[in-house]
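In this note's numbering, the protein residues as written are 1216 to 1374.
Every residue gets a Cβ at the ideal spot worked out from N, C-alpha and C, and that includes glycine.
As the structure is a prediction and not an experimental result, all values here were calculated from the model.
Working notes, structure below.
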Amino acid sequence: MDSAFVVNGVPRHHEMIGVYGLLIRETPEPAVLLELRAGTGWYDGHWHLPAGHVDAGESVVAALARELGEELSIGAEPADLELLHTMHCRTPGTSYAWVDVYFGLRVWSGEPRNAEPHRCAEIRWWPLDAVPANTAAPAAQALSAIRHGEPFSLWGWQA
1216 MDSAFVVNGV PRHHEMIGVY GLLIRETPEP AVLLELRAGT GWYDGHWHLP AGHVDAGESV
1276 VAALARELGE ELSIGAEPAD LELLHTMHCR TPGTSYAWVD VYFGLRVWSG EPRNAEPHRC
1336 AEIRWWPLDA VPANTAAPAA QALSAIRHGE PFSLWGWQA
């Protein structure tokens, strides 16, 4: 797939944008909601953050609010999303790359539930500093960076 388009006569590359939500519960200790992926073909059997992609004409905050509604049946206001981390990702050994934007959310409406059982086997709260070993690699890296206050990282760009 060609990811170039022309601007002012110059071919420009563009990449997909992913959005990720860290629903953070403070009591009894900081915890994050993860989904056990299933039936997607990407990190199935691994825990991951609620996520999705930005659609044409959609802002990153609007995309995440939409995705949280679709995946967890919760309401999220874009103004309540806190930018925590940005990651530039690449499928190793390829030129396929994308940008992931991670937002924290401490306030939402409704009770999170698995609204997409065809894509998610289970949802569960995990201590923010003790996510399971089978957390998807990009999510595990992002969570570690967020815990350490690192606003940016690369994933998959290593030789």
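Between I1239 and the set A1348, P1332 and Y1317, the nearest pair of CA atoms involves Y1317.
For E1285, same chain residues with a beta-carbon under 8 angstroms away, outside a window of 5 residues either side, are G1267, A1330 and E1331 in chain order. DSSP places S1368 outside any alpha helix (DSSP H); the residue lies instead in the beta strand (DSSP E), whose first and last residues are F1367 to W1370. Under the three-pair Cβ rule at 8 angstroms, the region 1228-1245 counts as touching the region 1307-1325.
Straight across, the Cα-Cα distance linking A1291 with L1299 is about 16 angstroms. The C-beta of H1363 has fewer than 16 other C-beta atoms within 10 Å across all chains shown, which makes the residue exposed.
Taken in chain order, the region 1220-1264 contains no complete alpha helix (DSSP H) segment of 4 residues or longer. Beta-bridge annotation (DSSP): T1301 is paired with V1316 and F1367.
Separation of W1262 and W1340 (C-alpha to C-alpha, rounded to the nearest whole angstrom) is 11 angstroms. Residue state for I1289 is assigned as coil, using DSSP reduced to three classes. Short of 6 angstroms from the beta carbon of E1337, and not among the five residues preceding or following it, lie these beta carbons of its own chain, in chain order: L1251.
For S1359 and W1370, the gap between their C-alpha atoms comes out near 13 angstroms.
Comparing alpha-carbon positions, the option among Q1373, A1294 and L1249 lying closest to V1276 turns out to be A1294.
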